[in-house]
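Inspection log for the structure reproduced underneath, given as structure tokens.
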Amino acid sequence: MPRSSLKTPIRVTEQALQFDTQRSIDGVVLLGGGITIGLGKALSVRTSWQRLCIPTTYTGPGMTPILAEQRDGQKLTRRDPKILPSTVIYGMITTSAVNELAHAVEASYAPNMNPIISLLAVEGAQPLANGLPDVIEPPEEKDSQEHVLYGAWLSGLCLGSTDMSLHHKLCYTLGGSLNSFLREHIQSSEPDTSKNLVVAFAEYGEDTVSALNRFLNELGVKRALRDFGMKEEVTDKVA
């Protein structure tokens, strides 16, 4: 199905369901990132299809029981155990991980956070912080890739077990693709919310905000809206 799209438009899901008319489909293989996996979630929750998920990014969407869809420009979100995949196979083709780091960070101060999720957030952030600098440039280190995949898996588990907060809400307002820009600003506005994550970024600083900024600088992550094509004249509308 080549027409999967950001935010999983329901019209695309309905088009994909038409494949089943004469094919007696009983399962789908999802090879790709969050967009592909999102379409697979939308299909599986509407059918009895088994789902084999092969993520090619570190964003961890395969591990969450959450489906975000779009109908007529409106974002609709649901949680359902049926959204979880039958099987997940992690490969070594990778493109993204900062988004999954955001899941671990925000889970640490989620409104329904608990001590178990707090521990999982730290355990997820630690291998991302340690491994990402070694996998962003070839030749990628296999051990580091495995560590980052482990961190992504745990961070996805955090996302699926808590309600995300201000950072994710603002990201969706801006189009769902600017989490790296917003991360430092949200963290600066609530500097005490993620003190437990200091241990994950210990080599970058003594507080979470400055340490996270130094970490993103090392990765070369763009964090200015102008870098993403946003014009100054539309800032009031976005606000």
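Under numbering that gives the first Met the number 0, think of the first position of the sequence shown as 0, with each following residue one higher. All C-beta atoms in this analysis are idealised placements derived from N, C-alpha and C, irrespective of residue type, glycine included.
Residue i versus residue j - alpha carbon distance
i           : j           : result
residue 110 : residue 159 : 14 angstroms
residue 199 : residue 205 : 11 angstroms
residue 210 : residue 197 : 8 angstroms
residue 84  : residue 212 : 34 angstroms
residue 115 : residue 122 : 11 angstroms
residue 232 : residue 141 : 45 angstroms
residue 108 : residue 230 : 32 angstroms
residue 167 : residue 98  : 10 angstroms
residue 17  : residue 193 : 46 angstroms
residue 113 : residue 23  : 44 angstroms
residue 13  : residue 218 : 39 angstroms
residue 55  : residue 30  : 7 angstroms
residue 170 : residue 25  : 35 angstroms
residue 77  : residue 67  : 7 angstroms
residue 60  : residue 165 : 19 angstroms
residue 70  : residue 15  : 15 angstroms
residue 242 : residue 235 : Lying outside 0 to 238, the shown extent of the chain, residue 242 is not represented and no answer is given.
residue 183 : residue 202 : 18 angstroms
residue 44  : residue 32  : 18 angstroms
residue 216 : residue 227 : 17 angstroms
residue 10  : residue 208 : 41 angstroms
residue 221 : residue 57  : 18 angstroms
residue 100 : residue 224 : 20 angstroms
residue 75  : residue 195 : 32 angstroms
residue 185 : residue 161 : 18 angstroms
residue 145 : residue 4   : 28 angstroms
residue 27  : residue 79  : 18 angstroms
Integer Cβ distance of residue i from residue j, believed to fall under 8 angstroms
i           : j           : result
residue 105 : residue 62  : The Cβ separation is near 16 angstroms, so there is no contact.
residue 133 : residue 143 : 4 angstroms
residue 266 : residue 187 : Residue coverage of the chain in this structure runs from 0 to 238, which leaves residue 266 outside it and unanswerable.
residue 96  : residue 131 : 6 angstroms
residue 7   : residue 41  : 5 angstroms
residue 64  : residue 88  : At roughly 19 angstroms, the Cβ-Cβ gap does not stay under 8 angstroms, so residue 64 and residue 88 are not in contact.
Unbroken alpha helix (DSSP H) run spanning residue i, endpoints
i           : result
residue 34  : 33 to 45
residue 141 : 141 to 160
residue 9   : 9 to 16
residue 213 : 207 to 218
residue 103 : 97 to 106
N- and C-terminal bounds of the beta strand (DSSP E) containing residue i
i           : result
residue 51  : 49 to 54
residue 65  : 65 to 70
residue 119 : From DSSP, residue 119 is part of no beta strand (DSSP E) but of the alpha helix (DSSP H) over 114 to 134.
residue 74  : 73 to 78
| field | Meets three-Cβ-pair contact criterion under 8 angstroms: the region 28 to 37 and the region 48 to 57 | value | yes
| the region 147 to 154 in contact with the region 123 to 133 per 3-pair CB rule at 8 angstroms | yes
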